[in-house]
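Beneath this line is the structure, given in structure tokens, with notes to follow.
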Amino acid sequence: MSRNISMSEGADGDVDRFRRLLFSLGRLHSLRDPLARSCERMELTAPQIHALLWLGQDGALTMGELARRLGITEKTVTGVVDRLEREGHVQRERSPEDRRVIRCRLTASGSRLHRKLDRTVVQDMERMLEHLDTTDRRALFRILEKLIAWAEPKDRPHG
1150 MSRNISMSEG ADGDVDRFRR LLFSLGRLHS LRDPLARSCE RMELTAPQIH
1200 ALLWLGQDGA LTMGELARRL GITEKTVTGV VDRLEREGHV QRERSPEDRR
1250 VIRCRLTASG SRLHRKLDRT VVQDMERMLE HLDTTDRRAL FRILEKLIAW
1300 AEPKDRPHG
């Protein structure tokens, strides 16, 4: 016989299951960061590869914005950019509007590397999606879009 579950009891169970699934996903390096193999082959760290991907996708970024997107401090992003600059993949340039602001952009070499990395990302995503039928894919996309919309900063006054 089925038992009635109160809303809070059901929600607690959902939160616990969601938490366990997120932790399990975090342990699966191949899903969390499909570029791990590329990092090793290219002798680049994950933050360096992610920096290349952000710069290739969005163009020149300030050091602060790049740090925010990578989830690291500005001090740490300096080391990431230093290495990429030494390798000839990025170039720093001062903003003409505010000389205190330093932007980072891809060089021709960095753009070539970005295209290669982007192809790897697409191939890895294709392999992941092969395991889902059309209905599951649509559900996944719908749920991710809802979570992203919820998580995006709102430009509303508080109070």
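The sequence shown begins at 1150 in the working numbering and counts up one residue at a time.
Every residue, glycine too, gets a C-beta built ideally from N, C-alpha and C.
Here the structure is a predicted model, which is why all the values come from computation and not from measurement.
Residues sharing a beta bridge with residue i, DSSP
i, result
"Glu1214", "Glu1214 pairs with nothing; no bridge assigned."
"Glu1242", "Arg1252"
Own chain partners of residue i with C-beta closer than 8 Å, once the 5 adjacent residues on each side are dropped
i, result
"Gly1208", "Arg1254"
"Leu1204", "Leu1210, Leu1215, Val1239, Cys1253, Arg1254, Leu1255, Gly1259 and His1263"
Burial state of residue i (16 or more Cβ within 10 Å)
i, result
"Gly1114", "Summary: the structure shown does not reach residue 1114, with the chain confined to residues 1150 through 1308, and so no result is reported for it."
"Gln1197", "buried"
"Ala1200", "buried"
"Val1230", "buried"
"His1280", "exposed"
"Val1239", "buried"
"Val1226", "buried"
"Leu1171", "exposed"
"Leu1233", "buried"
Residue-chain proximity (residue i, chain B), Cβ-Cβ < 8 Å
i, result
"Ala1209", "In the structure shown, chain B does not exist; there is a single protein chain."
For residue j and residue i, believed in contact at Cβ under 8 Å, the rounded distance
i, j, result
"Arg1286", "Leu1293", "Not quite, the Cβ-Cβ distance comes to about 11 Å (not below 8 Å), so this is no contact."
Close Cβ partners of residue i (< 6 Å) along its chain, the five nearest in sequence each way excluded
i, result
"Pro1302", "none"
Check whether the region 1203-1219 touches the region 1242-1253, taking contact to mean three or more Cβ pairs, one atom from each stretch, closer than 8 Å.
yes
Does the region 1211-1230 come close enough to the region 1257-1265 that 3 or more CB-CB pairs lie under 8 Å?
no
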